[in-house]
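Down below is the structure, laid out as structure tokens.
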Amino acid sequence: MDTEKQWQNEVLGQRAVAALNKNNFTALYFAGRAGAVAHILDLAPAGSGVGIGGSRTERVLELGLKLAAKGCTIYDHGKEGLSPEERLDLRRKQLVCDVFLSGTNAVTLEGELINCDGTGNRVAAMIFGPKKTVIVAGTNKIVRNREEADQRIKMFAAPLNNKRLGLDNPCVKHGECIDCRSPARICNATVILSRRPSLSDIHVILIGEDLGF
Ligand code: SF4
């Protein structure tokens, strides 16, 4: 990575972490993925039940696989070969798991987390339910404020997640959101975590790399 890019990732990452901590989240910055992954694995003890919210970042870092290898039980509705009933059951288990693992659509420099869901299980679990929530994101998810977060979701996160999920929504043809009315729309519930909800324990791990959408 260019040294200038590394420098900006560090400066923006540390600013976002400071703002998140001020908003009662437990946030840490890691320059690279190795340190971040080791820390995330420490946050989920062997034997704990880990819910996977569905995220390219989690897949790239192979967190579910690594946690399963250390003896965690993984609740992942994105596994291949599951029936709709099995997927629904796993989504419900995620809501009351020991550790919920997720990416995020945007992190603002004001210390907020902004996410948009189709089903809502991911954003619901971010608010209340799991004993601990671990949100992992690359510095490419950092934006200035809520307005930029909304633009980021419409221009990048939502169209790219539609493509990742193999959906045929209009954004896949247009390359950006056109606020469709498709039955398969994945943008139905937008949640802004402006401060840590009072009964949650949310850890935000920011990594100085481009990760996910
Ligand atoms: S609202 Fe529709 S067009 Fe826009 S990103 Fe979501 S699924 Fe795609």
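End of the sequence shown sits at 761 in my numbering; the numbers just go up one at a time, nothing left out. Positions of the beta carbon are idealized from the N, C-alpha and C atoms, including for glycine.
Suppose the cutoff is 6 Å on Cβ atoms and the five residues either side in sequence are ignored; what does the same chain contact list for residue i look like?
i: V644; result: G677
i: I726; result: P718
i: V691; result: A654, T656, A697 and R700
Considering only DSSP beta bridges, list what residue i is partnered with.
i: T652; result: T652 pairs with nothing; no bridge assigned.
i: C638; result: Here residue 638 is Leu; the residue named in the question, Cys, does not match the sequence. Partner(s): none; L638 has no beta bridge.
i: G686; result: I755
i: G597; result: T621
i: C735; result: Looking at the DSSP assignment, C735 forms no beta bridge with any residue, so it has no partner.
i: L576; result: I753
i: V691; result: T656
i: L741; result: L661
Are residue i and residue j close, meaning C-beta to C-beta below 8 Å?
i: D646; j: S596; result: yes
i: G714; j: N557; result: no
i: E606; j: L649; result: yes
i: N688; j: L759; result: yes
i: G619; j: A594; result: yes
i: L638; j: H625; result: yes
i: R733; j: G666; result: yes
i: L576; j: V559; result: no
i: I750; j: R743; result: no
i: V682; j: I588; result: yes
i: F573; j: V684; result: no
i: K680; j: L568; result: no
Helix, strand or coil for residue i, going by three-state DSSP, please let me know.
i: L747; result: coil
i: N557; result: helix
i: C664; result: strand
i: K679; result: coil
i: I726; result: coil
i: V647; result: strand
i: L611; result: helix
i: L708; result: helix
i: L715; result: coil
i: L630; result: coil
Residues in the same chain with beta-carbon distance under 7 Å from residue i, minus the five sequence neighbours each way, listed in chain order, please.
i: R581; result: L609, I755 and E757
i: F761; result: R604, F704, A705, L708 and N709
Once you ignore the five residues that flank residue i on each side, which residues in its own chain have a CB closer than 8 Å to its CB?
i: K641; result: G597, G599 and Y623
i: K570; result: G659
Q) Are the segment 654–671 and the segment 689–699 in contact at 8 Å, needing three or more beta carbon pairs? A) Under the three-pair Cβ rule at 8 Å, the segment 654–671 counts as touching the segment 689–699.
Q) Taking contact to mean at least 3 C-beta pairs separated by less than 8 Å, is the segment 724–740 in contact with the segment 657–666? A) They touch, by the three-pair rule.
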